[in-house]
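Participant: Residue numbers (the working numbering), protein chains in the order written: chain A, 1 to 128; chain B, 1 to 663; chain C, 1 to 146; chain D, 1 to 340; chain E, 1 to 327. Just so you know, even glycine gets a beta-carbon here, dropped at the ideal spot from N, CA and C. Since the structure is predicted, the reported quantities are computational estimates derived from the model, not experimental observations. One structure follows; several queries about it will come next.
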Amino acid sequence: MTRQDTLENIVRISGTDAKKCMKCGKCDGRCPAYNDMDVKPHQFVNYVAEGKLEKLLASHAIWNCLSCMACVERCPRGVAPQGVIEAVRDTVIRMQGNNGIKAEEIPPIVDEMIPQQLLVSAYRKYNK
Amino acid sequence: MQKIGVFICWCGSNIAATVDVVRVAEEIKREPGVVYSADYQYMCSENGQQLIKNAIKEYGLTGIVIGSCSPRMHEATFRKAAESVGLNPYMVEVANLREQVSWIHKDKEEATEKALILVRTAIAKVRLNAPLKEGESPVVKRALVIGGGIAGIQAALDIAEAGYPVDIVEKNATIGGRMAQLDKTFPTLDCSACILTPKMVDCAQNEKIDILSYSEIEEVKGYVGNFSVKIRKKARYVDETKCTGCKICMTKCPSKKGLDEFNMNLKTRTAIHIPFAQAIPNVAVIDPEQCLKLKTGKCGICQKFCGAGAIDYTMKDSFIERQYGAIVVATGFKPIDLTAFNEYGYADNKDVVTSLELERLMNAAGPTNGVLLRPSDMTHPKVITFIQCVGSRDVSGCGKPYCSKICCMYTAKHAMLIREKYPDTEVHVFYIDVRTPGKNYDEFYRRAVEQYNVDYIKGMVGKVYNENGKLMVQGSDLLNNEQIVIPSDLVVLATAIEPEPSVRKIATLLTASIDTNNFLNESHPKLRPVESPTAGVYLAGVCQGPKDIPETVSQASACAAKVIGLLAKDKLKTNPCVASSNEMMCNGCSQCANVCAYGAITYVDKEFRLGGGKTEIRRVASVNPAVCQGCGACTVTCPSGAMDLSGFSSKQIMSEVEAICKK
Amino acid sequence: MQEVNNFTPNIVAFCCNWCSYAGADLAGSSRLSYPANVKIIRVPCSCRVNPMFVLKAFQQGADGVILCGCHPGDCHYVTGNYYTRRRMSLLFSFLNYMGIEKERTRVEWVSAAEGAKFSEVMNDFVAKVTALGENKRLQDLRVKEE
Amino acid sequence: MIKINKNDINAFFAAVAEKMPLYLPVKKAGETNYGMYAEGAEVDLTTLKTVKSAKDFFFPQSETMMKFRKEGKNIDIIDVREDKEPFVIFGVRACDYKAFSVLDNVFLQEPVDTFYKARRDAAIICTLACGRPEESCFCKVFGIDAADPQGDVTCFLTENGLMLRANTEKGEALLSLYNNSEKADEKEVKAAQDKTREIIKKLPFSNLDLSRFTEENLKELFAAEEWKELSEACLGCGTCTFVCPTCQCFDIREFKTRQGVIRYRCWDSCMYSDFTQMAAANPRTTQLQRFRQRFMHKLIYYPSQYGGTYSCVGCGRCVNKCPQHLNIVKVIKKLGGKND
Amino acid sequence: MSELEKRIIEKAATLLAGGEIKRVVGWKKGEFIHDPSPATFETEESLKDFIYNDFCGANLSKYLIDIFKREGKTAVFLKPCDSYSFNQLVKEHRIKRENVYVVGIECHGKLANYKVEEKGITGITSEAHEGENVVFDTLYGKVTASREEVLLDRCLTCKGKKHVVADETVIINDYEDKVSDRFAMVRELEAMTAEERFAFWQGQLSKCIRCNACRNVCPACSCLKCVFDNPQSGIAAKANDDTFEEQLFHVIRAFHVSGRCTDCGECSRVCPQHIPLHLLNRKFIKDIDSLYGEYQAGEEAEGKTPLTSYTESDTEPNNVFTVTEGK
């Protein structure tokens, strides 16, 4: 995959049009994991808009994001910063190769009380 | 059979250099119906026009075609010339031989051929032209202003000044509108009431102005110059002609728990009340939802104490019907509902207030008598945080996609006033962008920053939560790339504004078009910004788009100028190129009315003769030529072809098509 | 080897009085040329153009029909071109469904300031229709008689 | 009488088509109508009724009568009439063949319609006997023998092949174009005819009573109450008239061309609200009047003008094609029934 | 006589006996059971000729345009799909709703006479639906045909068994709505090349004899004076000369009814040449659905049609093909 393909892929997965961002910073204002992030939520959007793929891939913040969706929920422009983070995370994981949890390993470790969304995001995060 | 004259203009060398004008004039002579054809250097000149006039007279021409520059240029000139010698001006067609031929083609043969086709096309059309006469309709010399805020007041005053009677219909008990609620105004910081109330008084005293307060528009019929409007005067339960405004009733009324709308519900009021001290008319009104007498039948104290005998509990809504020549819509705005923005804790914390509420909190006539105290515990707030763009520029569906335009300036004003009056107060402002175009506006904002040390933070607030009595404002600081939490005593939300909701109904009554945000549409965004597409309806203030007081006042005066211009005419000339329905073919299906942007089409039940002495009543469309603007949308919607447009009839256009296709 | 196309199509252009006709005038006063086989019919608004006119043009042997109007939202008559847009969308799609080449029909929004655009659009349209050749499918054969 | 084997029928058509245009029932887009014989055409001799009748050959749905050419202020009139080359119509059923004579009465009487006559003279007509008449057929009522139609050549289609009998010189000449035929077995033809006649006897409409449709009864029938009920559902479309082999009304219209005007005539239908449109209007203002006109014309006005020949041949096309199932049979039954 | 037919005739009798209803619009027996005609019945006695069977395909809505004007109230029997046409006519003010009493009646698909004939089924004396088949009693014995083969095209893609307007209904069996894709053929055409499509329509429309049956039966084509009959319209034409049909008549007709056509399928039912005219209207319906949102004409008796409304973000005409070509 070329650099351009990777970028386009991130845009596609994120489902977000970065050009819609009006740089208000509301995503940052709401983010509970903000202080741990080296790249801030609004920067993810900005990097996509500016095509700074390397900065995206190198970010550590993709592992800090809680996928709480607060930034998505509150964005006045219908932009999804978390969507971008998720997309970058996916891309990084895919680049690492096939080392995820196997389907049959899942049932014993699932706590039925855990919200589905958290589960999915945890898998994505910790299955490397 | 038409006798057609053709006049080919050289336009100096503009046309003649590329088009063989002599050949065109010569060949066109052979066209059926053409009895005269000539070419001349400048048809639009005095001599050229004389040539046309002479030919019309000499040959008894019934229609003329001018091959010249664009009709947008000289059509009117040639029409006038024709009219001056008795030929109907609508029997003139122009073939555009300059802009569409000589200026864009180089090859003379090709250009001449095209010129011939264009002239033949114009002949084909003019053969089917019919003389048209501009209609006339009388003008009722009275104006209606809907809404008694600063826009309505200004428009009414200006119209009255020119000598025309004006009615202001205001749905509240007093005129004054939003501006009456404000404390100070930017960028001069003069007191709002000080500049508004004299104008309100002027209105009351001007004998040309009739203020119909506590009234609403019920029905509108008619069209430009001739509106007939039914107005509902809501039951006030106080006789306006008798009440002296002494306010004794207010001191005696036992029902004191009503929310005071004028003070943004930050205070209570009695059931019988005068909205505020300088209200116009200075007459009490009873809130029927609150009044014990009206609700339970027991009480009647105010009536007992009213020396003027003005109280009448049996009062009913009444209706008046008046005729107007023009209508100004000035219905104003309201702040949006904030329930969708619970992240700012507006519903849960008394100390999170909107900017309009802050105006009241700072106003000398407000609930705190002008001392800035926070609503929860009536203490003086030490840290105040402003949040900008609450609900503005929001496409997520919670707010409004547009910029509310006034918030940047009033927030700077608030910040400055607070720092001025209470220098020990810390003021923070979260902003996305600061927009201050306007005379002395940016200077004003810079003063807040430079002189008053207001802390402007580029970033947005994510949430506001209450922690031990402090409002914790968590937001981003984009310039420092950090997340900050400001423990505040008072949070002020620069709430987006939206058109007053009642404008929807008014727009429907007036058949004035409205956009997706409920702002009324103007006729042209640049060139006709104060006119509604519906003729005779004008727009002032925020009902047309967000704007501040100076802009509102200018627009109101502009409206007044337009209204005066209209009322000054005794008769209105109407464009004769309007739609009309052939009743013998009309199905009455209503499709045409659905696409008419002007509400020019109505339906009438008409009796038609059938064969054998029988008659039949059918529903048919009827176009009001005074209202129709002649776009033709209806003509295409009509499947039977009953609807046609004078001057651009289907047959005319099709004959043009045929002429072009002949090559 | 490229075939030389000597065919000159006949194009009918409907222009609204307020924007596109003025745009055409501006193209003229700016000396921005476009082929002579484009002939303009002035209508008050693009919404005056009845699909019957379009079909009539094709029936009479026009090779392409183009409608020009104010940009959506700028209509002199407020909403006229919104209706045009729907009508022509459906008509064009339908003609395509009947097997008529879709390049023969077009709608363009040209403002009074867009003389250059008017000229570009016409040049492009004429080029596309020229490439298609004569309108055989919608023409009434009687029209040409010999 | 000659016989052409089943497998050779196409060869026969090809031989004829080589010499002159040959028209015969052809299936196109699912429907059988007369069409020109050509390589690959789907010839359909089994379908009993083409949708449109054979009258089109002499009286086409629209035909140019003259042209006007405009040149400046001059107008030239161009005569478009020309000599018609001979052509063959194959597969005309007895009813349609009879219909030609109904049309002849109208078009060939003085003044002769030269457009019609030119075509009529040029045509060589090969009729085809019906093998299996249908429920909607009632030609017998008008004295037509579906098993033995006339024409220049009469054809019979049997299981073994096509039998052809020349009735005229033109017919002889036509058959001589093909020389790969054998002699036909007359018995076989006779058997087929008997079978057909047997079927006809049993058809539901074969015994309609026309005796009341006479000139004497004109006024009474015209005033009959039943028309209201009969015409009630009529849509005023022209289906019945356009599929009818005997309807002969036309309108004259003009069409603008690049050079001038074409004047043409085209079928009209008395069912249309603008039929016989005059300065004021159609004199028949209601659909009842228009409906009545059509059937009164077929059953009374025409016969009284042309020696008792009805202007209906019982082909049954209107019975099949009327969208709302109105037809002449219902009229005959309803109004003729008064005789009893 | 089927149970349903009996109940309907009883209903008609009750309505006429009630006094308020002056006439009932239904179907009248012809010479056979397969040739019923629309008719009005004013007396209980006249109901002896009333018929309701699977050959009663005619949509009675359009007759109401004239009949509703007669004195007194009129009752009409409407099949589910007819009720859409009725509603659309009410919407266009062509019928006064209050003058008509609507009885919604059961329908389980109507038969196409020509399809039955093509299968060689003649001498029919009675017919009945049996599952996926139709069984005919004929003079020559019992014949069974699959519904697919003998139903009208429109019934193969039934819109549903719901009446959008009815003062009461006569329904015995609740048939399940058969879900089928009514745009399948439109899609098939869309998938062809322009040349193929042109050839298809050329083949079909060249059969047209301009009898106007499609127009005159169409509830949406209810103009007092059709543009094609009006010499003033500039496109009047009577004959099917040359290629006129596909150029003007059928295109204009389809355009004029677009957004108003309820897809009742009468045009295709009545065409003497069996041209699939409904495919023209369905193209408009499909495009409207995909461009401007699902819309069923006649569903509501009020409101604007897709062509008399707009949104600011509608598709541009030049881009429309990507959406409507179904690719």
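Should residue 11(C) be labelled buried (16 or more other beta-carbon atoms within 10 Å of its own) or exposed?
Facilitator: buried
Participant: So, using beta-carbon positions, are residue 37(D) and residue 11(D) closer together than 8 Å?
Facilitator: no
Participant: Could you please give the first and the last residue of the uninterrupted alpha helix (DSSP H) stretch that includes residue 95(A)?
Facilitator: 81-96
Participant: Quick one: what's got a C-beta closer than 8 Å to residue 26(A)'s C-beta in the same chain, skipping five residues either side?
Facilitator: Counting only Cβ-Cβ distances below 8 Å, and skipping sequence neighbours, we find 71, 74, 75, 76.
Participant: Any residues in the segment 257-280 of chain D with a beta carbon nearer than 8 Å to a beta carbon of chain B? Which ones, in chain order?
Facilitator: 258
Participant: For residue 255(D), go through chain C and note every residue whose CB falls closer than 9 Å to its CB, in chain order.
Facilitator: 140, 142, 143
Participant: Over what stretch of residues does the alpha helix (DSSP H) that includes residue 565(B) continue unbroken?
Facilitator: 549-567
Participant: Do the segment 95-113 of chain D and the segment 305-317 of chain D meet, that is, are 3 or more Cβ pairs less than 8 Å apart?
Facilitator: Yes, they touch.
Participant: Can you grab the Cα-Cα spacing for the pair residue 615(B) / residue 143(B), in whole Å?
Facilitator: 43 Å
Participant: Any idea what DSSP makes of residue 308(E), helix, strand or coil?
Facilitator: Shown here, residue 308(E) sits in a helix according to DSSP, grouped into three states.
Participant: Name the residue from 112(A), 47(A), 94(A) whose alpha carbon lies nearest to the alpha carbon of residue 11(A).
Facilitator: 47(A)
Participant: Grouping DSSP H, G and I as helix and E and B as strand, with all else coil, what is residue 145(E)?
Facilitator: strand
Participant: Along the chain, where does the alpha helix (DSSP H) that runs through residue 267(D) open and close?
Facilitator: Taken as a continuous stretch (DSSP letters only), residue 267(D) belongs to no alpha helix (DSSP H), being part of the beta strand (DSSP E) at 260-267.
Participant: Does the segment 608-627 of chain B come close enough to the segment 14-23 of chain C to have 3 or more Cβ pairs within less than 8 Å?
Facilitator: No: fewer than three Cβ pairs fall under 8 Å.
Participant: From this set, 662(B), 653(B), 456(B), which residue's C-alpha is nearest residue 14(C)'s C-alpha?
Facilitator: For residue 14(C), the closest of 662(B), 653(B), 456(B) by C-alpha to C-alpha distance is 653(B).
Participant: Could you confirm whether any beta carbon from chain B is found closer than 8 Å to the beta carbon of residue 79(C)?
Facilitator: yes
Participant: If residue 328(E) sits next to residue 58(E), beta carbons under 8 Å apart, how far is it from one beta carbon to the other, in whole angstroms?
Facilitator: Since the first residue of chain E shown is 1 and the last is 327, residue 328(E) is not available in this structure.
Participant: Name the one or two DSSP bridge partners that residue 644(B) has.
Facilitator: Answer is 580(B).
Participant: Strictly under 8 Å for the Cβ-Cβ distance: is residue 207(D) near chain E by that measure?
Facilitator: It does not; no Cβ of chain E falls within 8 Å.
Participant: Assuming residue 91(E) contacts residue 301(E) (C-beta within less than 8 Å), just tell me the rounded distance between them.
Facilitator: 5 Å
Participant: Opposite residue 155(D) in the DSSP bridges: which residues?
Facilitator: 128(D), 164(D)
Participant: By the 8 Å beta-carbon criterion, what residues does the segment 21-41 of chain A contribute toward chain B?
Facilitator: 22, 23, 24, 25, 26, 27, 28, 29, 30, 31, 34, 35, 40
Participant: Tell me which residues share the same chain as residue 1(C) and place their Cβ nearer than 6 Å to its Cβ, disregarding the 5 neighbours each side in the sequence.
Facilitator: Here residue 1(C) scores only 40 on pLDDT, less than 50, and its place in the model is too uncertain to base an answer on.
Participant: Looking at the structure shown, is residue 250(E) part of a helix, part of a strand, or coil, going by DSSP?
Facilitator: helix
Participant: What residues match up with residue 74(D) in a beta bridge as DSSP calls it?
Facilitator: 71(D)
Participant: Using only alpha-carbon positions, find the residue among 206(B), 116(B), 341(B) that is nearest to residue 8(B).
Facilitator: 116(B)
Participant: Could you round the C-beta distance between residue 3(D) and residue 151(D) to whole angstroms and report it? I think they count as a contact, below 8 Å.
Facilitator: Actually they do not touch by this definition, with Cβ atoms about 18 Å apart.
Participant: Taking Cβ positions, are residue 73(E) and residue 8(E) nearer each other than 8 Å?
Facilitator: no
Participant: Quick check on DSSP: helix, strand or coil for residue 440(B)?
Facilitator: coil
Participant: Who are the neighbours of residue 134(B) on chain A, taking C-beta pairs under 7 Å?
Facilitator: Per Cβ cutoff of 7 Å: no residues; residue 134(B) is ~50 Å from chain A at best.
Participant: Please confirm if residue 115(C) has its CB atom under 8 Å from at least one CB of chain D.
Facilitator: no
Participant: Roughly how many whole angstroms lie between the Cα atoms of residue 65(E) and residue 172(D)?
Facilitator: 59 Å
Participant: Give the interface partners of residue 99(C) over in chain D, defined as CB-CB distance under 7 Å, in chain order.
Facilitator: Chain D residues near residue 99(C): none, gap ~14 Å exceeds 7 Å.
Participant: In terms of alpha-carbon separation, which member of 301(D), 318(D), 7(D) lies closest to residue 273(E)?
Facilitator: 318(D)
Participant: Does DSSP classify residue 17(C) as helix, strand or coil?
Facilitator: coil
Participant: So with Cβ pairs under 8 Å, would you call residue 327(E) a contact of chain C?
Facilitator: Note on residue 327(E): pLDDT 46, under 50, position unreliable in the model; no value is reported.
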